[in-house]
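Residue numbers (this note's numbering): 10 to 589.
Positions of the beta carbon are idealized from the N, C-alpha and C atoms, including for glycine.
Nothing here was measured: the structure is a model prediction, and the numbers come from that model.
Read through the structure below, which is laid out as structure tokens, and then see the notes.
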């Protein structure tokens, strides 16, 4: 038998099922019948989640005690050769949508060590380059040792007539591809690494995966979702020293990776070393020793030290490239001339039946007369009306030029379209950006526009901002609009606030609130909260309802929402909650 471990799946068991997992585990001998997901065996990727149907070779009862003639199995890397028997081990579960199914934890290929059994396995279709004739030739040369040769000494297959070096590579690569993901899952699961994470690592390193895991386990941290603690447990199980330079180096890098997850692109040097020491929890590795290792990583190019801060090298380059693009655009873009801009603004006021305040006029002029500019202000300060005016005046004076409006999210883009009357899209769509499972983006396409307006820029992280600026035409103007006092982006880099604080980009700050009444407690309290003042003002337009627990809060919110929507209409009431 050839054993291949598969991941244990998360599941939800009915409350009446008091058995332990070991008591529920079941083993059955069966043969592959058909694939449900993905729809075609040829499209199934290594390590992919699969749903398949198997025919039991013996009486099998499901979790309800009923004898079944077919078993719907779910799991990763399920076997799909139709002329091999499998001993499948797992447990029954009940899915609310798909009913009773068998969650596969591992399986064994049942191969009888006879000529028929070995030839049947080799020619099962799992190994590209081996059909029935080649399988028989292999058996004629190696007999019952054929599978061991394929496993341990594949180069011996060159002794078989018809197998060239190219064909051997095809056979062995196919064999590795079939077994690699399953083997790495089996190896990492006992260490607490989930199947999804193991598969990501395998897909990144392919046939080198097992060697890296055994000899350089800290490289696991380079894959999204696998942390230092997980990799450290594996390394310790292999006997790696807690004071090894490899462990210290990866902890230093991972400390920065962790900071990036919290939105920071770099760390102050002393905090960086201190946080790394906490992560390692090894007194023998002193701050001075870690500082020396950090200096070594700077020397080798993995880290960058600048102005008292430490970056991962890729992040430092991203920040540097973005700064260069911003300054280049500020200096080099040739903006159109507006000889009657004040008159244009007056005509726009008449068209939209508004009167712009002095700061709003300044914002419109700055946007139209600079290669890159920022307009920032809180809710109700007129940012939307300013966007409409900018578009109106630019189109009037540059009828042969193209405008592009975009925003970081689909919701923000839709709101931009509705409020300006000009089509807007997400930045991802505008640049034709796609992210893989690890969060790595495709190369952005050139943005074919002469004037770009980006709303809700506070949501932009440094990666998206960098790709956006890289995608602009050399003479394209860009206007960045947003509230610098909103929460920063989820990804690393508070791009808008940092650009404003740099004082390198022409910026107009809108301070006057027009949307609410001048005495509106909503506007007043919004400003207080932004500045960290918790002494809020309460009244008819701003209440605080104290609830003793979550259940009471939920009931109060629902009752209040129903009452207010019946009074003001569903389009005029919003219910916001911090829970996801």
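With three or more CB-CB distances shorter than 8 angstroms, the stretch 403 to 419 counts as touching the stretch 466 to 478.
For residue 379, the number of other beta carbons within 10 angstroms of its own is at least 16, and it is reported as buried. For residue 252 against residue 293, the beta-carbon gap comes to about 5 angstroms, under 8 angstroms, which counts as contact. The DSSP assignment places 392 to 406, 419 to 429 and 436 to 440 as complete runs of the alpha helix (DSSP H) inside the stretch 371 to 444, in order along the chain (cut-off: 4 residues). For residue 410 and residue 581, the gap between their C-alpha atoms comes out near 37 angstroms. Within the same chain, and ignoring the five residues on either side of residue 242 in sequence, the residues whose Cβ sits closer than 8 angstroms to its Cβ are 200 and 201.
With contact defined as three or more Cβ pairs closer than 8 angstroms, the stretch 510 to 526 and the stretch 380 to 394 are in contact.
Rounded to whole angstroms, the Cβ separation of residue 303 and residue 313 is 11 angstroms, and the two are not in contact under 8 angstroms. The closest CA to that of residue 440, considering only 430, 373 and 461, is found on 461.
Under the three-state reduction of DSSP, residue 301 is assigned to helix. The secondary-structure analysis by DSSP pairs residue 309 with nothing; it has no beta-bridge partner. Here residue 218 is near residue 211, since their CB atoms are less than 8 angstroms apart. For the set 377, 396 and 463, the Cα lying nearest the Cα of residue 419 is the one of 463. Just measuring C-alpha positions, the residue of 486, 184 and 342 sitting nearest residue 216 is 184. The three-state secondary structure of residue 335, taken from DSSP, is helix. For residue 39, the enclosing beta strand (DSSP E) begins and ends at 35 to 46. Under the DSSP assignment, residue 454 falls outside any beta strand (DSSP E); it carries neither an H nor an E label. CA-to-CA, the gap between residue 57 and residue 102 works out to about 20 angstroms. Under the 10 Å beta carbon count, residue 344 is surrounded by fewer than 16 other beta carbons and is classified as exposed. Residue 314 is bridged by DSSP to 319. Burial of residue 328 is indicated by the presence of at least 16 other C-beta atoms within 10 angstroms of its C-beta. Going by C-alpha positions, residue 230 is about 25 angstroms away from residue 114.
Put simply, the backbone Cα of residue 429 is about 43 angstroms away from that of residue 209. For residue 323, the closest alpha carbon among the candidates 275, 350, 341 and 342 is that of 275. Beta-bridge analysis with DSSP links residue 74 to no other residue.
The bridge partners DSSP lists for residue 58 are 85.
Per the C-alpha coordinates, the member of 222, 392 and 288 positioned closest to residue 365 is 392. Among the bridge pairs identified by DSSP, residue 276 is matched with 319. Following the DSSP letters along the chain, one finds residue 486 in no alpha helix (DSSP H) but inside the beta strand (DSSP E) bounded by residues 486 to 491. Within the DSSP secondary-structure output, residue 292 pairs in no beta bridge. Judged by their CB atoms, residue 338 and residue 579 are not nearer to each other than the 8 angstroms cut-off.
In this structure, the alpha-carbon of residue 127 lies about 7 angstroms from that of residue 153. Between the alpha carbons of residue 531 and residue 256 lies a gap of roughly 52 angstroms. For residue 112, the number of other beta carbons within 10 angstroms of its own is at least 16, and it is reported as buried. Separation of the CB atoms of residue 68 and residue 76 is rounded to 6 angstroms, and the pair is thereby assigned contact status at 8 angstroms. With a minimum length of 4 residues, the unbroken runs of alpha helix (DSSP H) contained wholly in the stretch 456 to 480 fall at 471 to 480.
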